[in-house]
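In the numbering used here, the protein residues as written are 19 to 153.
Cβ coordinates follow ideal geometry from the N, Cα and C atoms, glycine included.
In what follows, a structure is listed as structure tokens, so that the remarks can point back to it.
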Amino acid sequence: MNVYSVLADYWQLYGKEEGQRAFAESATYQSIEQQSPDNAHSLIKTFALAAEPTLHLLRHIASCYPGYDARVIKDAQIPVAVAGTQMDVIHPLSTAQAMARELAGKDATVTFTESLDKTRHSSEVTALLVNNIVR
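Encoded structure:
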């Protein structure tokens with residue numbers, strides 16, 4: 019299941035307000051909310067955005083993941099740092115690890131879960147970004 023496609027389906031089938039309500043009541047949303055409240059909150063906030071460009075983006079994300087060319091990134095010698103968390107059901111740690119190995123030849127940095135402590139999560143991600151820029 020691709021949650022972005024499911025989200026777009028609810029929006030397209032029911033419209034903005036009814037789609038948000040129906041999605042919030044769905045088993046998909048309930049499962050995500052139990053596993054990762056921040057992921058669930060982000061998905062619900064999507065309904066506050068403009069419909070046409072957001073639906074286009076959701077469909078694009080659903081069909082084109084991961085959306086990068088590793089060879090181009092490596093050839094350009096772009097410094098890469100990939101972060102992941104244990105409780106992110108939309109962007110699983112296994113995906114972050116695979117991307118990190120493919121792009122940087124190393125494991126992803128595991129950051130503290132945002133759902134448990136936003137400040138700590140933000141601090142750890144910021145430190146990762148700063149270290150990646152400085153090196």
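In this chain, the alpha helix (DSSP H) harbouring Met117 covers 111 to 122.
The three-state reading of DSSP puts Thr72 in helix, counting H, G and I together. Its Cα nearest to that of Thr103, the residue His139 stands out among His139, Val21, Leu146, Ala145.
Thr127 is bridged by DSSP to Ala101. Using a 10 angstroms sphere on the CB of Gln52, the tally of other CB atoms stays under 16, which defines it as exposed. Take the alpha-carbon of His109 and the one of Ile91: they are about 21 Å apart. Assigned with DSSP and collapsed to three states, Asn20 falls in coil, not helix or strand. By the 16-neighbour rule on beta-carbons within 10 angstroms, Gln38 is buried.
For Gly37, the enclosing alpha helix (DSSP H) has its first and last residue at 34 to 43. Using a Cβ distance threshold of 8 Å, Ala88 and Val100 do not count as a contacting pair. Secondary structure of Leu67 (DSSP, three-state): coil.
In this structure, Asn57 keeps its C-beta atom at 8 Å or more from the C-beta atom of Pro97.
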